[in-house]
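First the structure, in the form of structure tokens, and then the observations on it.
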Amino acid sequence: MRSLAGLGALVAAASFFLYLLSTHLPPGTKHLQPASEGEEETVEEYSLKFPSDLDSLRELAEMLKLYKREHYSYVLLLFCSAYLYKQSFAIPGSSFLNMLAGAIFGPWEGLVLACLLTTVGSTFCFLLSSAFGKQHVVHFFPDKVALLQRKVEENRSSLFFFLLFLRFFPMTPNWFLNITCPVLNIPMPIFFFSVLIGLIPYNFICVRTGSILSEISSLDDIFSWTTLAQLLAIALMALLPGAVIKRYGEAHLRVDGMDGEDQIRKER
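Mapping of the sequence shown onto mature numbering (1 follows the signal peptide of the UniProt record, and there is no 0): residues -22 to -1, 1 to 246, in sequence order.
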């Protein structure tokens, strides 16, 4: 009970901090709205809300890009805080934030941010699970934990590549791996670098897609040769490391029995 109370206090404190960041924006948060014929220009306040679809994602990205011109550091702090909050408390759904990173910061800066924040946030989640949640993870997911424990022991000699395999081909969702690895006695360095390297293809796809979406203004842009070439390059770069890991896994890893009835639906 004490562990749940401590975790609840951390969640409450982090939620309050994120709320303050999102509601107490620094000065300069207004911009002019173009006026229709016969009307005067109006001043609109920036407002923040989490995107629920691609349209709202694009609106939020455009707003934050404008705001970033005056307050880059604040936008960076706000984005990093929101990302770490979601990752640290194992909240599924990182794809929207990855796409937002690409739309706001561009493909390469966004990719570096996404990879670093995913790794640091997952490590925080690992530490929180180790401190507060081991017994609860085993209690609520006994079969899945037992399956992963068995596979970890079978692949103990190639543990790093086994974890890479699970990140490239998520037979279990990433948030579940983050909270389960302390139970499985995965060493912190192996966990850290398996997340950093293993999620690069996924982060790359999402960030690059977000960057492209921010540049598209009509359906014609989606089917332009430039956009199609970019999407093809994204697919090739994402598939190549996965193919290498899969080939290695077929020869050296034992992952049979981790799909079918035992597979957890992928939730990012």
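Just so you know, even glycine gets a beta-carbon here, dropped at the ideal spot from N, CA and C.
Secondary structure at Pro120: helix, using DSSP grouped into helix, strand and coil. DSSP, reduced to helix, strand and coil, places Thr150 outside both helices and strands of the structure shown, so it counts as coil.
Put simply, the region 142 to 162 touches the region 63 to 73. At least three CB pairs are less than 8 Å apart.
Ile157 and Phe67 have their C-alpha atoms spaced approximately 9 Å apart.
In this structure, Gly176 keeps its C-beta atom at 8 Å or more from the C-beta atom of Leu78.
The beta carbon of Ala92 sits closer than 6 Å to the beta carbons of Asn76, Ala79, Asn181, Val185 from its chain, once the five residues preceding and following it are set aside; these are given in chain order. The beta carbon of Arg47 lies closer than 8 Å to none in the same chain, with the five residues before and after it left out. In the three-state reduction of the DSSP assignment, Ile164 falls in the coil class, being assigned neither a helical nor a strand state.
Between Pro4 and Tyr52, the C-beta spacing is below 8 Å.
A straight line joining the alpha-carbon of Glu193 with that of Leu55 spans about 24 Å. In this structure, the beta-carbon distance from Gln65 to Ser100 falls below 8 Å.
Following the DSSP letters along the chain, one finds Phe67 in no alpha helix (DSSP H), marked with neither H nor E.
With respect to Lys43, Ile82 sits close: the two C-beta atoms are nearer than 8 Å.
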